[in-house]
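Engineer: Before anything else, here's the structure in question.
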Amino acid sequence: MLELWTADWVHLGDGPRRQAGLVTDGRTVLAVGETDELARRYPSAWRVRKGRYLGLPLVNAHTHLDLGLAPTFSGPFPDFVRYVIGRAERRGRAEAVRAIRHAPQRILGDIAAREEVVDWWLAEGPASGVVYWEVLGLVPPQREAAILKATRERLERWKRHERPGGPRVGLSPHAPYSLTPGLMRGVVALARELEVPLQIHAAESPGERDYFLRREGELAAFFRAQGWPLDLHPTGLSPIAYLAELGALDARPTLVHGVQVDAADVRLLAGYEAVVVSCPRSNVGLKVGLAPYDLYAHAGVSLALGTDSRASAPSLDVRDELDFLAARGLDYPRLLDWAIRSGRRALGLAPARIETGSKVEQVEFW
Ligand SMILES: [Zn+2]
């Protein structure tokens with residue numbers, strides 16, 4: 303028996319639409335198009351309303367599954383950094399396995415800080431997308447070389463274990479402030495050489511911006527409290543301008559957060575055709591603000607969406623990010639497109655399309 307599937311919003315690959323749908327025999331998509339036209343062409347098809355959404359799968363472009371189901375922290379950003387450092391020993395495969403059960407999207411950009419978690423992803427992780435190996439370190443130059451050597455060996459091994467339908471391996475130099483310039487440059491060069499995707503947290507908190515511009519604010523105070531030197535990075539540049547100056551933006555990384563940016567930063571990002579992954583519930587929970595979405599849109603910067611980890615977000619479902627922003631007045635279909643087409647771009651995945659002949663398992667609905 304044929305069925306004509308419809309929903310409030312339909313995204314088959316070329317943008318969100320209303321009054322659209324597909325006809326299926328239960329295994330294969332036989333036709334896609336306007337609902338009325340499909341009803342005319344297939345008069346015997348049983349009309350089935352699938353709910354709020356029908357189409358390509360949504361992408362959660364940024365999370366940290368190995369932080370597990372940590373109680374969500376809400377408070378100032380430097381305290382959050384302390385909180386995550388405090389949970390570091392609890393990161394691991396068991397945490398990631400527990401968390402994936404609570405992550406409805408099956409295309410993920412996941413940051414992993416334990417080798418066993420990358421091994422698990424590549425062997426049997428039940429999702430596609432990218433698992434990014436996280437690198438960070440404020441270390442002397444001789445240690446940089448050792449970290450880069452170990453990173454290269456891991457990446458070369460992991461690349462050999464990628465499987466069809468599974469995730470790719472990528473690299474995530476954590477953030478502009480948590481790697482020395484030499485290590486950041488080295489990790490970016492390695493990603494380019496090995497042709498793996500890159501994802502960097504950047505311009506998340508006001509403290510990060512104050513640290514880079516003037517060595518002031520919460521992050522500078524955190525550095526002092528930890529006994530870390532304050533002359534590791536250049537001053538007078540925004541975090542985005544620093545990444546550009548370092549050559550890191552040439553490697554086309556996906557930038558996570560991009561909250562504390564000004565018009566000059568956004569112009570820079572547009573020039574590099576960068577994709578910014580926004581994690582709005584995490585940003586509001588950590589009191590760092592919300593990304594300037596209109597500024598990005600006017601500059602033509604692509605925005606994708608991620609939940610970030612359960613340490614800073616109440617769920618691992620990217621649909622909750624859509625609802626959160628829609629409640630703040632953003633256009634729901636536009637947000638859907640961020641989570642679908644921009645999400646794929648953020649992870650370096652080819653554009654997808656649901657069309658005649660597509661397998662019905664490729665169609666998501668809720
Ligand atoms: Zn993150």
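The sequence shown: position 85 = 387 (the working numbering), numbered continuously. Don't be surprised by glycine CBs; every beta carbon is placed ideally from N, CA and C.
By DSSP, does R403 sit in helix, in strand, or in coil?
Structural biologist: In this structure, R403 counts as coil in the three-state DSSP scheme.
Engineer: The beta strand (DSSP E) that contains I502, what's its start and end?
Structural biologist: 501-504 is the span of the beta strand (DSSP E), which, as asked, contains I502.
Engineer: Roughly how many angstroms separate the alpha carbons of G394 and E418, rounded to a whole number?
Structural biologist: For G394 and E418, the distance between alpha carbons rounds to 7 Å.
Engineer: Under the DSSP definition of a beta bridge, which residues are partnered with R470?
Structural biologist: V432.
Engineer: Within 10 angstroms of its Cβ, does R526 collect 16 or more other Cβ (buried), or is it exposed?
Structural biologist: The residue in question, R526, is exposed, as its Cβ has fewer than 16 Cβ neighbours within 10 Å.
Engineer: I'd like to know whether the C-beta of Y598 is nearer than 8 Å to at least one C-beta of chain D.
Structural biologist: Among the chains in the structure shown there is no chain D, since it carries only a single protein chain.
Engineer: Among P616, A309, F524, G411, which residue has its Cα nearest to the Cα of V498?
Structural biologist: For the residues P616, A309, F524, G411, the minimum Cα distance to V498 belongs to G411.
Engineer: Reducing DSSP to helix, strand and coil, say where V665 ends up.
Structural biologist: Coil, per DSSP.
Engineer: Check whether the segment 344-361 touches the segment 643-656, taking contact to mean three or more Cβ pairs, one atom from each stretch, closer than 8 Å.
Structural biologist: Yes, since at least three Cβ pairs between the segment 344-361 and the segment 643-656 fall closer than 8 Å, the two stretches touch.
Engineer: Going straight from the alpha carbon of L438 to that of H476, what length do you get?
Structural biologist: The alpha-carbon atoms of L438 and H476 are separated by roughly 6 Å.
Engineer: Return the chain-ordered list of same chain residues with a C-beta closer than 8 Å to the C-beta of E446, the five sequence neighbours on each side being excluded.
Structural biologist: Here the set comprises G439, T482, G484, L485, G488.
Engineer: Would you list the one or two residues that DSSP bridges to R268?
Structural biologist: Residue coverage of the chain in this structure runs from 303 to 668, which leaves residue 268 outside it and unanswerable.
Engineer: Report yes if the C-beta distance between T308 and G659 is below 8 Å; otherwise report no.
Structural biologist: Contact: no.
Engineer: Within 10 angstroms of the Cβ of K352, are there 16 or more other Cβ atoms? Answer buried if so, exposed if not.
Structural biologist: Label assigned to K352: buried.
Engineer: At a cut-off of 7 Å, would you count I413 as near ligand 1, judging by its Cβ distance to the nearest heavy atom?
Structural biologist: True, at least one ligand heavy atom lies under 7 Å from that Cβ.
Engineer: Is any heavy atom in ligand 1 found nearer than 7 Å to the beta carbon of S611?
Structural biologist: It does: the Cβ of S611 is within 7 Å (strictly closer) of some heavy atom of ligand 1.
Engineer: Quick check on L304: does DSSP put it in helix, strand or coil?
Structural biologist: If DSSP states are grouped into helix, strand and coil, L304 belongs with coil.
Engineer: Could you tell me whether any non-hydrogen atom of ligand 1 is closer than 7 Å to the CB of H535?
Structural biologist: H535: no, Cβ never under 7 Å from ligand 1.
Engineer: By alpha-carbon positions, which one of H503, R621, D327, I449 ends up nearest to L306?
Structural biologist: If we check each option's Cα against that of L306, D327 comes out closest.
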